[in-house]
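Peer 1: Got a structure for you, written out below as structure tokens; questions coming shortly.
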Amino acid sequence: MTEMVYGSMPDRVVEPILPRWWRSIDRWSLTAVFALFGVGILLGLAASVPLAQRNGLDAFYYVKRQAFFGGIGLIAMLAISMMPPQMIRRLGVLGFLAAFAALAALPVIGTDFGKGAVRWISLGFASVQPSEFLKPGFIVLTAWLMAAAQEVNGPRGKSFSFLVTFIVVLLLALQPDFGQAALIIFGWSVVYFIAGAPMVLIASVLGLVGAGAMLAYEHSEHFARRINGFLASDVDPRTQIGYATNAIQEGGFFGVGVGEGQVKWSLPDAHTDFIIAVAAEEYGLILVLCIIGLYTTIVVRSLFRLMRERDPFIRLAGAGLACIFAVQAMVNMAVAVRLLPAKGMTLPFVSYGGSSVIAAGITLGMLLALTRVRPQGQIGEILFRRSR
């Protein structure tokens, strides 16, 4: 009877998730991520073989592990990129809480693997670095708090985010891991700046960071040793920085040739923190510029897409994720050419490391999910309609 009076309701056509995902995803950024992972496998074929031989393992043992963990990271990235923003927010908050609990437990169950900083939890067959998984969750949590603070009668999200940042930085400094602590402060500052932080507060934060650095220099031998090495007028050629600098100079524009590089036999961390030196020596400036171009493509395209976004949480979280991804890559390459002190940061998707590549996959999955095209009016169009 209802259909006779009002007519039948048309069936709502729901587009399948995969076609909708493919239509809305940033395919250029997605391609750049897979290209970076391919470059990492290519460089791993050269950089990790000497380490495998020194440890009495199969020549491509570390390459196989990188491919395995990288596959997990890429699958996680694709799965997360299909989630809606609300699910990204829940995943980020829960992920942050889990990573924070693991970070707080490091003094009890952590190990340093002889590197002087307790940053890992050994599982026997692998190790986990909680700080790598903490970063994307921290950015999402911070963005959520600051977006909520912009609402009418909203919570004091900015104050809560500052308290969380202080606790996280303190835990990282106790490891010590000043590089990741600086990255956390940078990520929080980016999100706060976009949310409308006063310049006086930004200047105050920079002052606190400077005072904290001076305090760390006076009381941390680990921190002071790295700063002194960076400020030294001459570079000891037998240090990792010395080997890396020489390898980059030897590579020139076209490199010395595939498999002909020598730095991988001298650098203990040639497959992780200094893999860009292997790329520069064997393939030259051309490959390094290609790697920089791939990172630039991901970050710039993501930021341009976020400029059209209306949702405050999506804008803040997306910009924070893009910026910490970019800065981590910049810091890794800057350390290799001695523009920054040694930080112990990996090159996302390129350096060897299970925690690094899986955490990078989670970060980029969240970023790709937040930068997907959604049915919404442009900000300029909305403002124009309001002014009429």
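Sequential numbering of the sequence shown, starting at 136, is according to the working numbering.
Every residue, glycine too, gets a C-beta built ideally from N, C-alpha and C.
#1: Enumerate, from N- to C-terminal direction, the unbroken alpha helix (DSSP H) stretches of 4 or more residues contained entirely within the stretch 402–452.
#2: Take residue 262 and list the residues in its own chain whose beta-carbon comes closer than 8 Å to its own, dropping the five residues that flank it on each side.
#3: Have a look at residue 287 and residue 469 and give me their C-alpha separation to the nearest angstrom.
#4: Among 283, 429, 159, 295, whose alpha-carbon lies nearest the alpha-carbon of residue 482?
#5: May I have the straight-line CA-CA distance separating residue 336 from residue 290, to the nearest angstrom?
#6: Report the rounded CA-to-CA distance for residue 235 versus residue 269, giving the unit in angstroms.
#7: Would residue 224 and residue 448 qualify as a contact pair, given that the criterion is a beta-carbon distance under 9 Å?
#8: Can you check DSSP and say which residues form a bridge with residue 262?
#9: Does DSSP put residue 166 in a helix, in a strand, or in coil?
#10: Within a Cβ cutoff of 7 Å, which residues of the same chain sit near residue 96, ignoring the five residues on either side of it in sequence?
#11: For residue 271 versus residue 331, is the C-beta spacing smaller than 9 Å?
#12: In chain order, what residues of the same chain lie with their CB nearer than 7 Å to the CB of residue 186, ignoring the 5 residues before and after it?
#13: Does DSSP classify residue 277 as helix, strand or coil?
#14: Three-state secondary structure (DSSP) at residue 300?
#15: Would you list the one or two residues that DSSP bridges to residue 246?
#16: Which residue from 411, 444, 505 puts its Cα closest to that of residue 379?
#17: Sort 285, 194, 505 by Cα distance to residue 441 and report the nearest one.
#18: Give me the Cα-Cα distance between residue 395 and residue 417, rounded to the nearest whole angstrom.
#19: Please classify residue 191 as buried or exposed, where buried requires at least 16 other C-beta atoms within 10 Å of its C-beta.
#20: Check residue 222 in the structure and name its three-state DSSP category.
#21: Following the continuous alpha helix (DSSP H) through residue 494, name the residue where it begins and the one where it ends.
#22: Check whether the Cβ atoms of residue 316 and residue 326 sit closer than 9 Å, and answer yes or no.
#23: Within the same chain, show all residues whose beta-carbon is closer than 8 Å to that of residue 136, passing over the 5 residues directly before and after it, in chain order.
#24: How about residue 398 and residue 389: do their beta carbons lie closer than 9 Å?
#25: Between the Cα of residue 473 and those of 160, 362, 265, 281, spot the shortest distance and give me the residue it belongs to.
#26: Would you mind stating whether residue 175 and residue 205 have Cβ atoms separated by less than 9 Å?
#27: Where does residue 393 land, buried or exposed, given buried means 16+ other C-beta within 10 angstroms?
#28: In the structure shown, what three-state DSSP assignment does residue 216 receive?
#29: Is it the case that the Cβ atoms of residue 202 and residue 479 are separated by a distance below 9 Å?
#30: Buried or exposed for residue 339, please, with buried defined as at least 16 other CB atoms from any protein chain shown within 10 angstroms of its CB.
#31: Alpha helix (DSSP H) containing residue 386: first to last residue?
#32: Taking all protein chains shown into account, do 16 or more other C-beta atoms lie within 10 angstroms of the C-beta of residue 294, making it buried, or fewer, making it exposed?
#33: I'd like to know whether the C-beta atoms of residue 181 and residue 487 end up nearer to each other than 9 Å.
#34: Taking the alpha helix (DSSP H) that residue 323 falls in, what are its first and last residues?
#35: What separation, rounded to the nearest whole angstrom, lies between the Cα atoms of residue 427 and residue 155?
Peer 2: In short, the structure shows the following:
#1: 410–441
#2: One-based indexing of the sequence shown puts residue 262 at position 127. Hits under 8 Å: 246, 248, 255, 256, 489, 490.
#3: Looking up residue 287 in the sequence shown gives position 152. Looking up residue 469 in the sequence shown gives position 334. C-alpha separation (whole angstroms): 43 Å.
#4: One-based indexing of the sequence shown puts residue 482 at position 347. That would be 429, whose Cα lies nearest to the Cα of residue 482.
#5: Within the sequence shown, the letter at position 201 stands for residue 336. Within the sequence shown, the letter at position 155 stands for residue 290. Taking the straight line from one Cα to the other gives about 19 Å.
#6: Counting from 1 along the sequence shown, the entry for residue 235 is found at position 100. Counting from 1 along the sequence shown, the entry for residue 269 is found at position 134. Computed Cα separation, rounded: 7 Å.
#7: Mapped onto the sequence shown, residue 224 falls at position 89. Mapped onto the sequence shown, residue 448 falls at position 313. Cβ atoms of residue 224 and residue 448: closer than 9 Å.
#8: The residue labelled residue 262 in the question sits at position 127 within the sequence shown. BP columns for residue 262 point to 257.
#9: By one-based count along the sequence shown, residue 166 stands at place 31. Of the three classes helix, strand and coil, the one that applies to residue 166 here is helix, per DSSP.
#10: Since the first and last residues shown for the chain are 136 and 523, residue 96 lies out of range.
#11: Locating residue 271 in the sequence shown gives position 136, where the first residue counts as 1. Locating residue 331 in the sequence shown gives position 196, where the first residue counts as 1. In this structure, residue 331 does not lie closer than 9 Å to residue 271 by Cβ.
#12: Here residue 186 refers to the residue found at position 51 of the sequence shown. Within the same chain, residue 186 has close Cβ partners 197, 406.
#13: Taking the first residue of the sequence shown as position 1, residue 277 is located at position 142. Helix.
#14: Mapped onto the sequence shown, residue 300 falls at position 165. Residue 300 falls in the helix class under three-state DSSP.
#15: Mapped onto the sequence shown, residue 246 falls at position 111. 255.
#16: As a first step, residue 379 must be located in the sequence shown, where it is residue number 244. It is 411.
#17: The residue given as residue 441 occupies position 306 in the sequence shown. When each option's Cα is compared against that of residue 441, the closest is 505.
#18: Numbered from its first residue, the sequence shown carries residue 395 at position 260. Numbered from its first residue, the sequence shown carries residue 417 at position 282. Each residue's Cα considered, the two are about 6 Å apart.
#19: For the purposes of this step, residue 191 is identified with residue 56 of the sequence shown, where counting begins at 1. With fewer than 16 Cβ atoms within 10 Å of its Cβ, residue 191 is classed as exposed.
#20: As a first step, residue 222 is located in the sequence shown; it is residue number 87 there, counting from the start. Note: residue 222 maps to helix in three-state DSSP.
#21: Locating residue 494 in the sequence shown gives position 359, where the first residue counts as 1. 489–505 is the extent of the alpha helix (DSSP H) around residue 494.
#22: Taking the sequence shown and counting its residues from 1, one reaches residue 316 at position 181. Taking the sequence shown and counting its residues from 1, one reaches residue 326 at position 191. No, the Cβ-Cβ distance between residue 316 and residue 326 is not below 9 Å.
#23: Taking the first residue of the sequence shown as position 1, residue 136 is located at position 1. Any answer about residue 136 is weak, because its pLDDT of 47 lies below 50 and its placement is not dependable; what the coordinates show is given next. Within the same chain, residue 136 has no close Cβ partners at all.
#24: For the purposes of this step, residue 398 is identified with residue 263 of the sequence shown, where counting begins at 1. For the purposes of this step, residue 389 is identified with residue 254 of the sequence shown, where counting begins at 1. Against a cut-off of 9 Å, the Cβ pair of residue 389 and residue 398 comes out as no contact.
#25: Your numbering for residue 473 matches position 338 in the sequence shown. Comparing Cα-Cα distances from residue 473 to each of 160, 362, 265, 281, the minimum goes to 362.
#26: For the purposes of this step, residue 175 is taken as the residue at position 40 of the sequence shown. For the purposes of this step, residue 205 is taken as the residue at position 70 of the sequence shown. Contact: yes.
#27: Walking along the sequence shown from the start, residue 393 turns up at place 258. Exposed, since its Cβ has fewer than 16 Cβ neighbours within 10 Å.
#28: As a position in the sequence shown, residue 216 is number 81, starting the count at 1. It is helical.
#29: In the sequence shown, the residue the question calls residue 202 occupies position 67. In the sequence shown, the residue the question calls residue 479 occupies position 344. No. Outside cutoff.
#30: One-based indexing of the sequence shown puts residue 339 at position 204. Looking at its Cβ environment, which holds fewer than 16 other Cβ atoms inside 10 Å, residue 339 is exposed.
#31: Here residue 386 corresponds to residue number 251 of the sequence shown, with the count starting at 1. Note, residue 386: alpha helix (DSSP H), 375–386.
#32: Locating residue 294 in the sequence shown gives position 159, counting from the first residue. Classification of residue 294: exposed, given that the 10 Å Cβ count is below 16.
#33: On the sequence shown, residue 181 is found 46 positions in, with the first residue counted as 1. On the sequence shown, residue 487 is found 352 positions in, with the first residue counted as 1. Contact: no.
#34: On the sequence shown, residue 323 is found 188 positions in, with the first residue counted as 1. Its alpha helix (DSSP H) spans residues 313–330.
#35: What you label residue 427 is simply residue 292 of the sequence shown in a count that begins at 1. What you label residue 155 is simply residue 20 of the sequence shown in a count that begins at 1. Roughly 30 Å between the two C-alpha positions.
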